[in-house]
Structure formats: C-alpha cells, structure tokens
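The structure is reproduced here in structure tokens:
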C-alpha cells in the first residue's frame, strides 16, 4: 500500500519514521507493507527527518495513479477541503488529522467519500482511539453523555494553577515557554480546539450536525486564583470540558467551557497536558479513555492505525451510521442548558449587600446550594462571595448575572463556572 | 442478520433485550437489523426476561441454516470448544464472551475460523473496548507493556481493605453478600480470571502463545492489614495486576499478582469493582482504559459491538495479525522477572535479628531501598519489619525468602509483594 503524506511537519515526519521503524510489525498486522512513497511540502529547502522523497507540487502528487492512500496533514480548512475533495472524487482513500476540516465539512466529506475509505482517528486525542471506541466499540449503546478533556494546553495550564497556585497569566507564560502553548494561544485556551473535537464525537454518537459557531464555547482565561481557592475548599477541580449530553430522543446539548468537577471523579485525575474522555452509555454505564492528545508520535500512531484499518479492508461507516437515524438529533439552544452553577461575586463590604444579592438570585429562580465568604484581608475594602446553585436554567443565571453586574456594590463583573457532577 | 444465543443467562438475556430495545439505533449503525431469533438453554422451565423463542436442543440449533451468527455464552472450556468448532466448520460467524475458552483454545479457533468472523470483545472487560483498541486503535505501536486491573471482585475487595481498613476475610465476606464474589471465590481472588484475560491481550499485542499453566499467577488472599498499613505510609496502593511486558524482541513476561503501585498512577484510581487497563506503546506512550469489567449489560454491550462489526463487514484479523511475526514472542521464565519487591517479615524482637536479615538479603544480591519497622504494641513480643528492594531478580528474592523462613527468629512465613512503578 503506497502512501503520500501531504504536509511533512511534526506529525508527517513521525508517520514516515514509524512506518519505516515498525515496518515488520505493521506489515504483520496490516497484511501488506505500508510504504510512505512521497511527502508534499511547501518549502523543499527545510531539513526533515523523514527518509522519503519530497515534492512541492501537490497537484501532480494528488493525481498520481500509483498512490493508494493520501494522508492530509496540511492544516487549515478550505484549502485541505478542496484537496481532499479532489482526492475522494478520484476514489482514493484519505486519512486526515485535521479537526478543523472535520468540524466544518465532515458531512460533505462523508457524502463525497461514499464507500472510499476516509479515516480521521487522529483528529481527536491522538493517543486515545476514541473515534474507533465510539463508532465501533460502544456501538450497541445509546450514548447518554460524553465528557472530554480534549485540549492539552488548557489542561496543562489549569493543572499548574491548581497544583502550584499560579495565576492564569503565569501558567500560560510557562506553557508557552515549554512549547505547550502557541504564541497566540486563543485557539486552545478559548475552547475552539476542544469544540472542533466535540463536534466530531457528537456526529458519531448522535448524528448531530452543526459547526463551531452553533455551540457554546467558553475559554479558561477568566479563571482566577479565587476560583481555585473555592475549588480546593469544596473538593472540586476545574477542567476545560467538552460536553455532549442527550436531552431526549431528538435533542443534544453541545458545549465547551471550564467546569467544576468532583475531585474523586476519574476525569479529575487527568492532569498536565493529557487528554481524557468519559463516555456514558445505556448498556456499559461509564467507560473512560486517557492518553496524550497531541504530539507528533501519538498523532502519527492514530494516522497509522487508520492506514492499517484501510489495508485490512475494514468498513465502518465514516460517521458511525450506515443508515440514517429516524430522528436526527438537533443541538439544543444554549439558553436551555440546565446544570448547577458556581458564582464568584466581588462586592463592596457594606451592610445589606448579601440580602440584595440573594434577592436577585431568588427572583431569577436560582436557589442556593452552598455559600462561602472568603476571609477578608485587613487592608481590603471589598469581599468575594462564592455561591453554588441547585440545578438551574442557563437563561436564568445569565439574567441574574446581568442584574448583579448593574448593582453599584459590584466591584468586578460577576463570574460563573458551570458545575458538572 | 439472524442471531442465535447459546446460553441465556444474565448476559444472554441482556443481549436479546438490548437488541430489541435499541433496535432502531443498532440498525442505523449496523446497516441491517440484527435479530435474536432463538436462545438455547438447558432448562426450559426457568423464567427468563428475553423475549425470544427458546430451545434446549443445541445440536438442532447449530445446524439451522437460517442463523447467521451464533453467540456463545455457555461457559466452560471443552464443551463450548466443541460447539464453536462445529459452527466454524460450517463457516458460520461466532461471537463469544468466554475467556476460558480463549485462554486455552484461541489459536486453534483462529485457525478453524480462517476468514469466518469470530468476535470475542466481551471476553475481556466488557465495558471497555480493549480488544479493539489493542488490535486496531493502537496497531501502529510496538507494545511495551500492558498493565491491567482485570478482575472486579479482587479490586472490590482490595479497595475495601484500603479504604475501610477491613481485613481480607471480612472484605471477601462482604463481597460475597453483595454478589461481587462467588461462593467459591478462588477463580477471581486467586488471579485465574485475570490470567485468562491477560493471555488474550498478550496474543493481540505480542502473538504470545501460552496457557494459564505457563504463567505466574498469584492471588490476593495473603494480603494483610499490615501490607495496607505499609502501602498507606509509603504512598502506594495494592492492586491485583495482570502484566504483559516486552523484555526484548522475542521475549515477553506474563504475570498476575498483587502489586504495590504509586498512589498517583492513573490505575490506582480504578476503585471498587471497576476494571482499568494501561497500555504503553512506542508511539502513543500511555493510553489508559477504564470501565466496568463485568455485569450483564456491559458484557452484552461488547457482544453486540462484535455483532455490529460483523454486519458492517469489518475484517480485522482475529488475533491481530494477518501475517506471522518474524519473531514469535515466547513467555519468559518466572524466575527471570526483574522488578522491585516489598517484603513483610514478622520476627521475634531480639538483638541481632535485623543484622541477620540484612545479611541474608545482601548475600542474595538484594539491596534495600527502604525499611520500616512498625511501632510495637507493649504486649507484643514480636515486630513486623518491612523492606523494599531495588530492582532485583525474582529467583534471588525467592531464595532469600526461603532462607529467611528457615531462621528460628521468624514468626510467620515471610511475605512478598512485587512493586510496579
């Protein structure tokens, strides 16, 4: 089986290296030799470790008849969509690690591919075979819920904030110095990377259509030391979660946001730059998957597993369904989310403030589950109040926070974190 | 696709129930309706929840031409081997949850099956798709090591011993009362159940042949409160582990025994009756899988995922390899195991005893990594000494323990637990 690698960066290099290093093993498992025969790069002058011929002419490569599978590792959305579409029209198999491509075009690509193999295990949590698990391993189950820690950068930052009492800015800086975060970290810490991955998983579990713009996405940049303090006191940890939750037979909630989860939950142990995904189903209850989400070799591991599947002739339906579901799941509106909430409210230390706040909460149908007032430093003139609510409606919380923000005793825009139990 | 269920107990009932409950979803995923058409039981008079016709004539059922797949849930080894062989000879697909059958006959069955589908995902940790993960998801990797908590009964007992300071006998009794342990618990607490599962995983990872008799199997029945005390003090937990570890290009260590593992390892969080498996590979580093290992619905979930795979026409090689490996892995002798060890030695509280012990350890090439003497109660005339060693050879430890046991100052047969870090 002859493979072209479109994009020979960190992952592409490792795909070629591992196919060569582990050739005997992979041949025994796949039944045929899987040979990387050409890599496509933009800049031929750059040195690369992969021992394969290189070309900078992508059009001539994708038209070669002697290639069986094209591995797309270019990045971006529209350009790879165009290239991959061209390849699929020629009935040639494709393997991609490109989550953004799938977040925007997975259904078009599924259509185009038809019975041509199209693999994308590497697009979500490279070191964890979660796409295969959802599409095949857990296929008997009505999926109740998927909760994932799908962005290593954010998890690395949050872990440091919790374990080393660092504030967000310092933890981010450190992550950047160590190469865990990009110079512009927005895509990771803003929740967008996790949202792309969530949309992919939600297609397999629910046949849910939708693009990143259609779902709730919140980042971790407003998490403060005070939130960490509260989490410690109440035995929570704070994680950036990607959540897909079945509401009923036709609606699913999709959301990415920081969340408080109990310290004793398995997911709370997923530390540093690691990823973890818990899947809840009506047959197997909970199944949790843990591993590296990024890195050249882990991602290459997933790419090659797709190549081996193609060599073996595996025929799982691309997005998990061979026939259409009777009910297509639609994404439930963000305002209809129901969960528990944590509120951090910084106020002037004045008489009557607590009464005013509890009034506003109560008028907005929010009932208080716990309350903490952090001991005040002598020099301070304000105090921070922490509340958690019983299960409430997102729309009610939003309205209450708006009303609170308009009060003269409020020092800082009130902040909310959803609680996931 | 028409399915016969051979053995309609807890799992068989659930297979039929879920196929009926989730029919629409499963049909959409599989592409065809998967219909349970007949169940085979020994005793027709017993009430069962499965809404399918029953028969007590297995021979007539396995010869029916209108059945596409036979699900073997009979239990035992030689009888199901005979039945499954008959079915495979007729080129009919088989799905089984029978780990003992596979521990003894997996290579014969692979041979017999040829290109006829033969699924056994349910034979190891029902709620965790670990067979698919190893065979397909992680197929690019040279597997360095598999460490599994594969027996829920033992894990439930050990978790209670650690969290509630119960002794082994009380924890076992409680597990029996709650239905987590059988009246005769030997198969679970003796490590045999875990060993069967380990052999299955080791075939997929290493092509390792071997039967339960060929590997090291130790149970948890000699774990004492003192061992738990030491584990707490030194930040370990005690788990019954099933370990497959590649030594070099042709040898693999297979062993099942209680082990001390660091409190902060992901596997140490696998509590109660849950299962967990960590897989280490040369590409993806560590990937960990967690979920229920037993129970009717979790096991049925795995059985049905195999049925869906068969309906989809998936063609992964049964034991993970399409061609033979150049080097077949052989199981390395038990005496050549190298790891760290914990020793519990109960002795008379006399002058010179510690010197004698350390002499014996040193003469047997064991060097001490840590030492703890538990504070003695006033009324006691003996003390318990705890040692951990640096990495040592199993044969040396065994010899040292034999020599220690022969000393007149020894009160109780010395006890050893391997340490896995």
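Residue numbers (my numbering), protein chains in the order written: chain A, 1 to 421; chain B, 1001 to 1421.
Where is the CB? At the ideal position from N, CA and C, for every residue including glycine.
Q: Could you check how far apart the C-beta atoms of residue 273 of chain A and residue 152 of chain A are, in whole angstroms? I think they sit under 8 Å.
A: 4 Å
Q: Taking residue 115 of chain A and residue 99 of chain A to be in contact with their CB atoms under 8 Å, please state how far apart those CB atoms are, rounded to whole angstroms.
A: Not quite, the Cβ-Cβ distance comes to about 24 Å (not below 8 Å), so this is no contact.
Q) Closest Cβ-Cβ distance between residue 266 of chain A and chain B: below 7 Å? A) yes
Q.
Taking 7 Å as the threshold (beta carbon to beta carbon), is residue 230 of chain A in contact with chain B?
A. no
Q. Looking at chain A, which residues of the stretch 1132–1154 of chain B have a Cβ within less than 7 Å of any of its Cβ atoms?
A. 1132, 1133, 1136, 1137, 1138, 1139, 1140, 1141, 1142
Q. Is residue 1295 of chain B buried or exposed, if buried means 16 or more other CB atoms sit within 10 Å of its CB?
A. buried
Q.
Rounded to the nearest angstrom, what separates residue 23 of chain A and residue 177 of chain A at their Cα positions?
A. 36 Å
Q. So what's residue 1004 of chain B in DSSP terms, helix, strand or just coil?
A. strand
Q | Span of the alpha helix (DSSP H) around residue 1235 of chain B | A | From DSSP, residue 1235 of chain B is part of no alpha helix (DSSP H); its letter is neither H nor E.
Q. Given 8 Å as the limit, is there contact between the stretch 1400–1413 of chain B and the stretch 1331–1351 of chain B, that is, 3 or more CB pairs closer than that?
A. yes
**Q.** Neighbour list for residue 1051 of chain B in chain A, Cβ cutoff strictly below 7 Å
**A.** The premise fails here: residue 1051 of chain B is roughly 17 Å from chain A at the closest Cβ pair, so nothing lies under 7 Å.
**Q.** Where the stretch 7–32 of chain A meets chain B: residues whose CB sits under 7 Å from a CB there
**A.** 18, 22, 24, 25, 26, 27, 28, 29, 30, 31
Q: List the endpoints of the continuous beta strand (DSSP E) containing residue 436 of chain A.
A: Given a span of 1 to 421 for chain A in the structure shown, any question on residue 436 of chain A remains unanswerable.
Q: Report the residue ranges of all beta strand (DSSP E) runs contained in full by the stretch 1037–1118 of chain B; include only those spanning at least 3 residues, in chain order.
A: 1069–1072, 1093–1096
Q.
Between residue 297 of chain A and chain B, is any beta-carbon pair separated by less than 7 Å?
A. yes
(Q) I want to verify the contact list: residues of chain B whose CB lies under 7 Å from the CB of residue 283 of chain A, in sequence order. (A) 1018, 1297, 1298, 1300, 1301
Q. Interface residues of chain A around residue 1421 of chain B at Cβ under 8 Å?
A. In chain order: nothing, as chain A lies at least about 17 Å away.
Q. When the distance is taken between beta carbons, is residue 320 of chain A closer than 7 Å to residue 128 of chain A?
A. no
Q. Does the beta-carbon distance from residue 105 of chain A to residue 120 of chain A come in below 7 Å?
A. no
Q) Would a check of beta-carbon distances place residue 1340 of chain B closer than 7 Å to chain A? A) no
Q. Where do the N-terminal and C-terminal ends of the alpha helix (DSSP H) with residue 284 of chain A fall, by residue?
A. Residue 284 of chain A -> no alpha helix (DSSP H), and no H or E assigned at all.
Q: Would you identify the three-state DSSP class for residue 309 of chain A, choosing helix, strand or coil?
A: helix
(Q) Here's a check: name, in chain order, each residue in its chain whose Cβ is nearer than 8 Å to the Cβ of residue 1365 of chain B, leaving out the five neighbours to either side. (A) 1392, 1393, 1396
Q. Under a CB-based cut-off of 7 Å, is residue 318 of chain A close to chain B?
A. no
Q) By the criterion of Cβ-Cβ separation under 8 Å, what are the contact partners of residue 289 of chain A in chain B? A) 1287, 1288, 1289, 1290
(Q) Suppose the cutoff is 8 Å on Cβ atoms and the five residues either side in sequence are ignored; what does the same chain contact list for residue 43 of chain A look like? (A) 56
(Q) By the DSSP assignment, the beta strand (DSSP E) with residue 391 of chain A in it spans what residues? (A) First-last for residue 391 of chain A: undefined, no H or E at that position.
Q) Among A:279, A:253, A:103, which one has its Cα closest to the Cα of residue 78 of chain A? A) A:103
Q | residue 1370 of chain B (DSSP reduced to helix, strand or coil) | A | strand
Q) Hey, out of A:63, A:76, A:170, A:107, whose CA is closest to residue 91 of chain A's CA? A) A:63
Q) What number of angstroms, rounded off, separates the C-alpha of residue 113 of chain A from the C-alpha of residue 367 of chain A? A) 51 Å
(Q) Is residue 1128 of chain B close to chain A? Criterion is C-beta to C-beta, closer than 7 Å. (A) yes
Q | Under 7 Å (Cβ pairs) to chain A, residues found in the stretch 1065–1083 of chain B | A | none
Q.
By the three-class DSSP mapping on this structure, what secondary structure does residue 1017 of chain B have?
A. helix
Q: Sort out for me which residues DSSP pairs residue 416 of chain A with in a bridge.
A: A:343
(Q) Applying the 10 Å Cβ sphere with the 16-neighbour rule, what's the burial state of residue 1352 of chain B? (A) exposed
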